[in-house]
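Asks: Here UniProt numbering is used: the first residue of the sequence shown is 1, the next is one more, and so on.
Glycine included, C-beta positions come from ideal geometry on N, C-alpha and C.
In this text, all values refer to a predicted model and were calculated from it rather than measured experimentally.
Shown below is the structure under consideration.
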Amino acid sequence: MSDYLVIVESPAKAKTIERYLGKKYKVTASMGHVRDLPKSQMGVDPDDEFKPKYITIRGKGDVLKSLKSAAKKAKKVYLAADPDREGEAIAWHLAHSLNIDETSDCRVVFNEITKDAIKESFKHPRSINTDLVNAQQARRILDRLVGYNISPLLWKKVKKGLSAGRVQSVAVKMIMDREKEIENFTPEEYWSIEGNFVKGKDNFEGSFYGIDKKKTELKTEEDVNKVMEQLEGKNFTIDKVNKRERKRNPAVPFTTSSIQQEAARKLNFRAKKTMMVAQQLYEGIDLGKKAGGITGLITYMRTDSTRISDTAKSEAKDYIEEKHGKEFVGQKKAAKQKEGAQDAHEAIRPTSVARDPKSLKSILSRDQYRLYKLVWERFVASQMAPAIMDTMTVHLINNGIEFRASGSKVKFKGFMSVYVEGTDDKQKEENKYLPDLQEGMEVKATDVDPSQHFTQPPPRYTEARLVRAMEEQGIGRPSTYAPTLDTIQRRGYVSIDNKRFIPTELGSIVMDLLQEFFPEIIDLDFTVKMEGDLDSIEDGKNDWVSILDEFYLDFRKRLEVAEEEMEKIEIKDEPAGIDCENCGHEMVYKMGRYGKFLACSNFPECRNTKPILKEIGVKCPKCKEGNVVERKSKKKRTFYGCDRFPECDFVSWNKPISRPCPKCDSLLVEKKSKKETQIQCTNCDYKEKVQD
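Right, dumping it as structure tokens:
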């Protein structure tokens, strides 16, 4: 019999921790929550201080029975669920189910699953933090009040299977508001003038800046013509040269939000996948007996803190000094936390900087390796010295017309020798060379070319952009981003096209109803205030029942009005203009979980369904009869195939183009990479670059 029982959430974590603690400890897993509100009913009594009705989760009976049996045999039970609100609530539910005094020193928390961190945490057990539990309980009940009241209303008035959650509804509204911005956007004309200059053997580029040393905007072709007419010849005089040194600081270590954004940019990971792989790295990977067996490789991945422990800083300093030199060690102060950040644990970092990604490549899966490498590089770079750039701006004058050329080069790489943060936009070149130019010199313009442009609407949200916007607005918390994005897609409120969110017709209908009858549910300011109220419960500044009472008073009135006044909406099937090949009835467009699809109007007698195929204007190169269409794989990856499938099995991951290879007459395809798009032959070595 073991003296002590430790209950964690997952079996993977249990194995790792048991090895660290030794024979006196038995570590077992609760497999997440053991109790929750019932799925079949509200489970909350608003008339009795929102008293929740908790039941054992279906399928968890045997787990709970086993935990009770083990708890009776142990001298002491420790509850070691994750170090956040959800983990605290799991510990609280376990304490109630196992008759453990929640005020006793039964709770153990750790930010990383390493031997030192685990042993240290067991030296400082504490009681269950009821403020944390109440904050989580309030969020759960609040979401239950919203979801279990509005969703049945939507089933009755619109269609079955719909839902209306607090955070998910705001996320859909943000996507819809962006779509309206794009639809209502009026492009504005503007012009630029680019010049190519030469000095001796050196060439460089410059752009029109202004007239008579005043910045001038070029809004019309007439403005451009005035500038071109004022230019006298091709010679420009260098009026001024500004040289300066600029520091570029590294990005802070990852939070939940920033790791989801960066993994989307650099690894093409969806938010859900990022969190799943991060969980694996946190809970432990078997590194082999010599390397210490199952070991947690990163710290806890649900955090909005950028704080780093002194031990981790010291380890990083030693590593950087040894591998790169003293001058690469950063001297900066700790990063300032953003307002409202929960600072209970650290930023996401490797548990040991000594475990560099290369040493683990053969052990980790491809996804684990790529995400671990990202975390490791970001953390190491965050502790390094700033990069130093030499920048140069040159003012070129011709008869009062001013062009400016700027360039920079890296003088000292600093953190950039390890990692550079990605962006949602195209990266500018860091090293843009300018020759050694001096004031008074003359240079010659080889080309001066005007170009017409039009302002662009704001871009649609990618997952990374939406997560960033939600974080900036204060919508949701680290643990809610990934499930929220997953839910709004599963409900069919939004679809994804070219990695960007587009609201569906169904999403528009639901949002219009919510706007009319429950405007506070999709109001950003209201949602931000509610997040603040939940935080105040966690801090012990507010009573959770009072917060819920304040919300429910007005919500109940709106619910009564909606029940009476919300009209039933019938979503009519749109005729597709083609007949069903099975029964001859007309095919119609229907709305499904992943957007529109084709179905027979004779349903349920005929159950024929087909995806909506998008032709790309290319004949099938294999059968010569069918047309190439765009399709989606099970993982929603775009590929191209013949519309005569299964009779013709032609498929291509790269987009075929209509003209044949000029060299061998075979199929040409468009191949995209992060840097460029190329047209390549599928048979020979012919290639051509596609101009943006």
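Is it buried or exposed, residue 61, if we count other Cβ atoms within 10 angstroms and call 16 or more buried?
Replies: Locating residue 61 in the sequence shown gives position 61, where the first residue counts as 1. Exposed, because fewer than 16 other Cβ atoms sit within 10 Å of the Cβ of residue 61.
Asks: Since residue 481 is in the alpha helix (DSSP H), which residue starts that stretch and which ends it?
Replies: Here residue 481 refers to the residue found at position 481 when the sequence shown is read from its first residue. Its alpha helix (DSSP H) spans residues 481-490.
Asks: Distance, Cα to Cα, residue 195 vs residue 210?
Replies: Working through the sequence shown from its first residue, we reach residue 195 at position 195. Working through the sequence shown from its first residue, we reach residue 210 at position 210. If you take the alpha carbons of residue 195 and residue 210, they lie about 14 Å apart.
Asks: Starting from residue 555 and walking both ways along the alpha helix (DSSP H), at which residues does that stretch end?
Replies: Counted from its first residue, the sequence shown places residue 555 at position 555. Looking at the DSSP string, the run of the alpha helix (DSSP H) that includes residue 555 is 544-565.
Asks: For a quick check, are the C-beta atoms of residue 131 and residue 540 less than 7 Å apart?
Replies: Working through the sequence shown from its first residue, we reach residue 131 at position 131. Working through the sequence shown from its first residue, we reach residue 540 at position 540. Yes. Within cutoff.
Asks: Reducing DSSP to helix, strand and coil, say where residue 367 ends up.
Replies: Translated into the one-based positions of the sequence shown, residue 367 becomes position 367. Here residue 367 sits in helix by DSSP.
Asks: Since residue 8 contacts residue 34 with CB under 8 Å, what's their CB separation in whole angstroms?
Replies: Mapped onto the sequence shown, residue 8 falls at position 8. Mapped onto the sequence shown, residue 34 falls at position 34. 13 Å between Cβ atoms; not a contact.
Asks: Here's the rule: buried if 16 or more other CB atoms are within 10 angstroms of the residue's CB, otherwise exposed. What is residue 544?
Replies: Here residue 544 corresponds to residue number 544 of the sequence shown, with the count starting at 1. Residue 544 should be labelled buried.
Asks: Check the C-beta distance from residue 238 over to residue 440 and give it rounded, since I have them as a contact under 8 Å.
Replies: Within the sequence shown, the letter at position 238 stands for residue 238. Within the sequence shown, the letter at position 440 stands for residue 440. The Cβ separation is near 6 Å, so the contact holds.
Asks: Provide the residue span of the alpha helix (DSSP H) that contains residue 166, from first to last.
Replies: Your numbering for residue 166 matches position 166 in the sequence shown. Secondary structure note for residue 166: its alpha helix (DSSP H) is the uninterrupted segment 166-184.
Asks: By the three-class DSSP mapping on this structure, what secondary structure does residue 653 have?
Replies: Counting from 1 along the sequence shown, the entry for residue 653 is found at position 653. If DSSP states are grouped into helix, strand and coil, residue 653 belongs with coil.
Asks: State the start and end residues of the unbroken beta strand (DSSP E) segment that holds residue 28.
Replies: Position 28 of the sequence shown, counted from the start, is the residue given in the question as residue 28. Note, residue 28: beta strand (DSSP E), 25-29.
Asks: My output table needs one value for residue 156: the three-state DSSP class, helix, strand or coil.
Replies: Numbered from its first residue, the sequence shown carries residue 156 at position 156. The answer is helix: DSSP assigns residue 156 an H, G or I state.
Asks: On a Cα-Cα basis, can you pick out the residue from 68, 519 and 80 that is closest to residue 105?
Replies: Here residue 105 corresponds to residue number 105 of the sequence shown, with the count starting at 1. It is 80 whose Cα lies nearest to the Cα of residue 105.
Asks: Apply the 10 Å Cβ neighbour rule to residue 476 and answer buried if 16 or more other Cβ atoms are within range, or exposed otherwise.
Replies: Translated into the one-based positions of the sequence shown, residue 476 becomes position 476. Its Cβ being crowded by 16 or more others within 10 Å, residue 476 is buried.
Asks: Contact check, residue 466 vs residue 171 under 8 Å by CB: the rounded distance?
Replies: By one-based count along the sequence shown, residue 466 stands at place 466. By one-based count along the sequence shown, residue 171 stands at place 171. Their Cβ separation, rounded to whole angstroms, is 7 Å, which keeps residue 466 and residue 171 in contact under 8 Å.
Asks: Quick one: Cα of residue 118 to Cα of residue 657, how far?
Replies: Sequence index remark: in the sequence shown, residue 118 carries index 118 (1-based). Sequence index remark: in the sequence shown, residue 657 carries index 657 (1-based). C-alpha separation (whole angstroms): 58 Å.
Asks: My assumption, with CB atoms under 8 Å, is that residue 36 sits in contact with residue 57. Please give the rounded CB distance.
Replies: Position 36 of the sequence shown, counted from the first residue, corresponds to residue 36. Position 57 of the sequence shown, counted from the first residue, corresponds to residue 57. 5 Å between Cβ atoms; contact.
Asks: Please classify residue 180: is it buried, with 16 or more other beta-carbons within 10 angstroms of its beta-carbon, or exposed?
Replies: Locating residue 180 in the sequence shown gives position 180, counting from the first residue. Exposed, since its Cβ has fewer than 16 Cβ neighbours within 10 Å.
Asks: Excluding five sequence neighbours on each side, which residues of the same chain lie with their C-beta closer than 8 Å to the C-beta of residue 517?
Replies: Along the sequence shown, one-based indexing puts residue 517 at 517. For residue 517, where only same-chain residues beyond five positions count, the Cβ hits under 8 Å are 558, 561, 562, 565 and 566.
Asks: Grab me the residues of residue 248's own chain with a C-beta within less than 7 Å of its C-beta, minus the 5 sequence neighbours each way, in chain order.
Replies: As a first step, residue 248 must be located in the sequence shown, where it is residue number 248. Answer for residue 248: 386, 387 and 389, listed in chain order.
Asks: Buried or exposed: where does residue 664 fall if 16 or more other Cβ atoms within 10 Å of its Cβ makes it buried?
Replies: As a first step, residue 664 must be located in the sequence shown, where it is residue number 664. Residue 664 is exposed by the Cβ-count criterion.
Asks: In angstroms, rounded to a whole number, what distance separates the CA positions of residue 418 and residue 380?
Replies: By one-based count along the sequence shown, residue 418 stands at place 418. By one-based count along the sequence shown, residue 380 stands at place 380. So the alpha carbons of these two residues sit roughly 8 Å apart.
Asks: So residue 402 and residue 213 are supposed to be a Cβ contact under 8 Å. How far apart are they, rounded?
Replies: Position 402 of the sequence shown, counting from 1, holds the residue named residue 402. Position 213 of the sequence shown, counting from 1, holds the residue named residue 213. Correct: roughly 6 Å between the Cβ atoms.
Asks: Which same chain residues, not among the five before or five after residue 297, have their C-beta less than 7 Å away from its C-beta?
Replies: Taking the first residue of the sequence shown as position 1, residue 297 is located at position 297. The answer, listed in chain order, is 281, 285, 350, 351, 355 and 372.
Asks: Across the segment 300-311 and the segment 392-407, are there enough close Cβ pairs to call them in contact, namely three or more that are closer than 8 Å?
Replies: no
Asks: How far does the alpha helix (DSSP H) with residue 277 in it extend, from its first residue to its last?
Replies: In the sequence shown, residue 277 corresponds to position 277, counting from 1. Run containing residue 277: 271-283, per the alpha helix (DSSP H) assignment.
Asks: Can you tell me whether residue 253 is buried or exposed, with buried defined as 16 or more other CB within 10 angstroms of its CB?
Replies: Counting from 1 along the sequence shown, the entry for residue 253 is found at position 253. Buried.
Asks: Do the CB positions of residue 261 and residue 399 come within less than 7 Å of each other?
Replies: Counting from 1 along the sequence shown, the entry for residue 261 is found at position 261. Counting from 1 along the sequence shown, the entry for residue 399 is found at position 399. It is not a contact, given that the beta carbons lie outside the stated cut-off.
Asks: Considering only C-alpha positions, which residue in the set 108, 188 and 251 is nearest to residue 728?
Replies: No information on residue 728 is available, as it lies outside the stretch 1 to 692 that the chain covers here.
Asks: So what does DSSP say about residue 106, is it helix, strand or coil?
Replies: Here the question's residue 106 lines up with position 106 in the sequence shown. Coil.
Asks: List in chain order: all unbroken alpha helix (DSSP H) runs of 4+ residues lying wholly within the segment 373-423.
Replies: none
Asks: Starting from residue 627, follow the beta strand (DSSP E) in both directions and report where the run begins and ends.
Replies: Your numbering for residue 627 matches position 627 in the sequence shown. Unbroken beta strand (DSSP E) run through residue 627: 627-632.
Asks: What's the C-alpha gap between residue 690 and residue 662?
Replies: One-based indexing of the sequence shown puts residue 690 at position 690. One-based indexing of the sequence shown puts residue 662 at position 662. Roughly 16 Å between the two C-alpha positions.
Asks: Could you tell me if residue 582 is buried or exposed, where buried requires 16 or more neighbouring beta carbons within 10 angstroms of its beta carbon?
Replies: What you label residue 582 is simply residue 582 of the sequence shown in a count that begins at 1. Taking all protein chains shown into account, residue 582 has fewer than 16 neighbouring C-beta atoms within 10 Å of its C-beta and is therefore exposed.
Asks: Which residues does DSSP pair with residue 242 in a beta bridge?
Replies: Reading the sequence shown from its first residue, position 242 is the one you call residue 242. DSSP, once it has assigned bridges, lists 393 as partnering residue 242.
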